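Please read the structure below before turning to the comments.
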C-alpha cells in the first residue's frame, strides 16, 4: 500500500492543471484550495489516475486535513466516494494516522450503519 498520490500529467510531463487542486489538498492549506476552486476547479468531478478525489488527498494532509474535508464537503464532494481500489477517504485518513480528518469524515457519512467494521480496517 502506498499513500503517495498519483497525479495526472499533461503531454509536457508537468502536473495537469486539474491535478493542482489534488496536490494542494495534500500539501497546502484551505486558502490555496479555495482560490483554485474559485478559479474554476470542480471538486466534485476531479480525480487522479486511481479515482482518488480531493477528499482522499485531504485525508493525507496532517496539518489542514480536517478543514479541507469541511471545505470539500461544503462544495458537494461526497465522503462516500470510493477510489478504484475501493477505498474511502476515511480509509486513507486512518492509514495516514490523520485522526482529525478521520473523525470529520466519519461524522459526515450519510449511512452511519454502513461502515460498522472500519475499526477492523484501521487495526490491520
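Numbering (full-length UniProt numbering), first residue to last: 1 to 124. Using N, Cα and C, we set each Cβ at its ideal position, and we do this for glycine too. As the structure is a computational prediction, the values presented were derived from the model and not from experiment.
Per DSSP, reduced to three states, the secondary structure at residue 19 is helical.
About 7 angstroms separates the beta carbons of residue 43 and residue 21, which is inside the 8 angstroms limit, making them a contact pair.
Collapsing the DSSP output to three states places residue 66 in a helix. Membership of residue 31 in the alpha helix (DSSP H) is indicated by the continuous run 30-38. Taking all protein chains shown into account, residue 65 has 16 or more neighbouring C-beta atoms within 10 Å of its C-beta and is therefore buried.
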